[in-house]
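Colleague: Under our numbering, residues 1 to 69 are what the sequence shown spells out, in order.
All C-beta atoms, glycine included, are put in the ideal place defined by N, C-alpha and C.
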Amino acid sequence: MDDVTVTIISPELGIKKRIGPFDLDKNEDTTRTLLLEMPYYVEPGIYDLRITISNDKYRRVRHRPIVIT
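And the structure:
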């Protein structure tokens, strides 16, 4: 896949972060690190993240929990 971007959004936490574009090779594993800085006012708890992986031809959305302690 060419020109892939990854976007992570959490309206509850007030964060939106994007990395990319980058290319993914078909038969290779790829690792990318995305640092999410939490606002100082975030209370401990479980929050939802919306993770979108996309390019011009493909779009995949997943929802995952994140635990703030």
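Can you grab the Cα-Cα spacing for the pair Y58 / I46, in whole Å?
Modeller: For the purposes of this step, residue 58 is taken as residue 58 along the sequence shown, with counting starting at 1. For the purposes of this step, residue 46 is taken as residue 46 along the sequence shown, with counting starting at 1. C-alpha separation (whole angstroms): 29 Å.
Colleague: What residue from D2, V6, Y41 has the CA that sits closest to L49's CA?
Modeller: Here the question's residue 49 lines up with position 49 in the sequence shown. Selected option, being the one with the closest Cα: V6.
Colleague: Who are the near neighbours of L99 in its chain, counting only those whose CB is closer than 7 Å to its CB and skipping five residues on each side?
Modeller: Lying before the first or after the last residue shown, residue 99 is absent from the chain, which here runs from 1 to 69.
Colleague: Buried or exposed for L34, going by 16 or more other Cβ atoms inside 10 Å?
Modeller: Mapped onto the sequence shown, residue 34 falls at position 34. Classification of L34: exposed, given that the 10 Å Cβ count is below 16.
Colleague: Measure how close the beta-carbons of T69 and P44 come, nearest whole angstrom, since I'm counting them as under 8 Å.
Modeller: Translated into positions along the sequence shown, residue 69 becomes position 69. Translated into positions along the sequence shown, residue 44 becomes position 44. Correct: roughly 5 Å between the Cβ atoms.
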